[in-house]
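J.:
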Amino acid sequence: MQTILITGAGTGLGKELALSYAKKGHTIILTGRRLDLLQAVKEEIQSVGAKAFSYQMDISNVEDVNQTVNRITSEHNVHYLLNNAGAGCFGPLTELDYKEIDTAIQTNVLGTIFLTKELLPHLLKQEDAKIMNIISTAGQKGKVNESVYVASKFAVRGFTESLQKELEGKVHVIATYMGGMNTPFWEDTDHIKDKSRLKSPREVAEKIVAHDDKLEIQI
Ligand SMILES: NC(=O)c1ccc[n+]([C@@H]2O[C@H](COP(=O)([O-])OP(=O)(O)OC[C@H]3O[C@@H](n4cnc5c(N)ncnc54)[C@H](OP(=O)(O)O)[C@@H]3O)[C@@H](O)[C@H]2O)c1
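One rule links them: number in our numbering = place in the sequence shown (from 1) + 187.
As C-alpha cells, this is what we get:
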C-alpha cells in the first residue's frame with residue numbers, strides 16, 4: 188500500500204481520487220487551501236476504514252510549499268504525488284483581467300512545479316515512486332476563449348513529458364488528459380452552459396485509478 192499526496196483534494200476530481208484510492212487501501216494526504224473541505228473528505232475516508240491526513244497548503248506560494256512539504260515528509264513516507272489542483276481562466280483574451288491570468292499561471296504551472304520540485308528528493312528515496320499530473324484536453328489542443336488556461340496546461344504537459352525522460356527508471360510519471368467534468372471548477376464562469384452533461388468526477392477518478400500503471404491516460 189502506498190501513501191498518496193493529492194492536491195486540491197477537498198473538491199471535484201481531487202476528492203474523488205482521494206476516495207477511490209482510499210477504497211483500495213492506500214493512505215491519503217489531502218492538501219488544499221480550504222481546511223474545512225479537507226477535513227470532511229478525511230472523515231469520509233476514515234469512515235470506510237482507511238487512513239487520511241489533511242494539510243493546508245497553497246501550492247502557488249513557494250514558502251508555504253516548502254514548509255508544508257517539510258512537515259508532511261517528517262510525518263509520512265510519501266510514495267506518490269498527484270498534482271490535481273488547478274484554476275480556470277476563461278473568456279476572450281481582451282476581457283481577461285491580470286489577476287485571473289496570474290492565478291491560473293501561478294496555480295497550474297508554478298504550483299505544480301514548486302510542489303514537484305520540493306517533494307522530488309523525498310520521492311527519489313522511495314521504491315515505486317510515482318507522480319501523476321492532471322492536465323486536460325486543454326493541454327493537447329487550442330480552444331476558443333481558453334487561451335490562458337490552454338497555455339498553462341500546455342506548460343504542465345511539457346513539464347510532465349520532460350520529467351518522464353529525466354526520471355525514467357526512477358519515478359513513474361503519468362500525464363492524464365480528460366475532457367469536461369461536472370465539478371465546482373465551472374462555478375464562477377458561464378463558459379460551459381450546461382455542466383450537467385459533463386462526465387462525473389467519480390467516473391473519471393475510477394478510470395484514472397484503474398490505469399495508473401500507464402505513462403499516459405486519456406479519458
Ligand atoms: N472540471 C473540468 O471540466 C476539468 C477538465 C479537465 C481537467 N480539469 C482539471 O482537473 C483538476 C481538478 O479540477 P476540478 O474540476 O476538480 O475543479 P475544482 O473542484 O475546482 O478543484 C480544484 C481544486 O484545486 C484547489 N486549488 C486551487 N488553487 C489552489 C492553490 N493555489 N493551492 C492549493 N490548491 C488549490 C482547490 O481547493 P482550494 O480552493 O481549497 O485550495 C480545489 O479543490 C484541475 O487541474 C483542472 O484543471 C478539470
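The beta-carbon is built from N, C-alpha and C at its ideal position, and this holds for glycine as well.
(1) For leucine 280, is the classification buried or exposed, using 16 other Cβ atoms within 10 angstroms of its Cβ as the cut-off for buried?
(2) For leucine 222, name the three-state secondary structure that DSSP assigns.
(3) Quick check: does the Cβ of aspartate 377 come within less than 7 Å of any heavy atom belonging to ligand 1?
(4) Can you confirm whether the region 231-243 touches the region 265-278 when touching is taken to mean that 3 or more C-beta pairs between the two stretches lie within less than 8 Å?
(5) When every heavy atom of ligand 1 is checked, does at least one fall within less than 7 Å of the C-beta of glycine 329?
(6) Could you check whether threonine 198 and threonine 370 sit closer than 8 Å to each other, using their CB atoms as the reference points?
(7) Going straight from the alpha carbon of glycine 326 to that of isoleucine 193, what length do you get?
(8) Looking only at DSSP bridge pairs, what is threonine 214 linked to?
(9) Around the Cβ of alanine 410, are there at least 16 other Cβ atoms within 10 angstroms (buried) or fewer (exposed)?
(10) When the Cα atoms are used, what is the spatial distance from lysine 317 to isoleucine 361?
T.: Looking at the atomic coordinates:
(1) exposed
(2) helix
(3) no
(4) Counting C-beta pairs with one atom in each stretch, the region 265-278 and the region 231-243 have fewer than three that are closer than 8 Å, which means they do not touch.
(5) Placement of the Cβ of glycine 329 at a distance of 7 Å or more from every heavy atom of ligand 1 is found.
(6) By the CB criterion at 8 Å, threonine 370 and threonine 198 fall inside the cutoff.
(7) 20 Å
(8) Thr190
(9) Lying outside 188 to 406, the shown extent of the chain, residue 410 is not represented and no answer is given.
(10) Take the alpha-carbon of lysine 317 and the one of isoleucine 361: they are about 8 Å apart.
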